[in-house]
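Residue numbers (the working numbering): 45 to 182.
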């Protein structure tokens, strides 16, 4: 039986994903010259971010949104979609943590929100997997 908790969590995961989509669009279309006036470290990181890291970012957010929709439709494909999204998040933040100087320029606290994003990605995968194992996803 599908509980109200399932629908609430699945709905929140979709909202989370849509917010991620909006942030991705804002960051990919940002005027880096304007951004540099208020946040030069982030502007530099965006300018130096390689195409493969931007691609991983795109895969993470858009596949995550597809996974959230699949979860709301109670489709088992949500599990591998969340897995792909989580791997893409790890690739993208791998560059952010190890390929850029963002932590050095902004401090260790700059890792807090990316770590939260990774945790939400891991939770999403676990949640979808557990619901698939319970037979709630077709």
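By construction, the Cβ of each residue, glycine as well, lies at the ideal position given by its N, Cα and C atoms.
Q | Coarse secondary structure for residue 178, derived from DSSP in three states | A | Numbered from its first residue, the chain shown carries residue 178 at position 134. In the structure shown, residue 178 sits in coil (DSSP, three-state: anything other than H, G, I, E or B).
Q) Taking the alpha-carbon positions, what's the residue 53 to residue 82 distance? A) To locate residue 53, count along the chain shown from 1; it is residue 9. To locate residue 82, count along the chain shown from 1; it is residue 38. If I take the Cα positions, the gap works out to 36 Å.
Q: Answer yes or no: do residue 101 and residue 172 have a C-beta to C-beta separation smaller than 8 Å?
A: Numbered from its first residue, the chain shown carries residue 101 at position 57. Numbered from its first residue, the chain shown carries residue 172 at position 128. No, they are not a contact pair.
**Q.** Three-state class that DSSP yields for residue 119 in the structure shown
**A.** Counting from one through the chain shown, the residue named residue 119 turns up at place 75. Coil.
**Q.** Environment of residue 165 [buried if 16+ CB atoms lie within 10 Å]
**A.** Taking the first residue of the chain shown as position 1, residue 165 is located at position 121. With 16 or more other Cβ atoms within 10 Å, it is buried.
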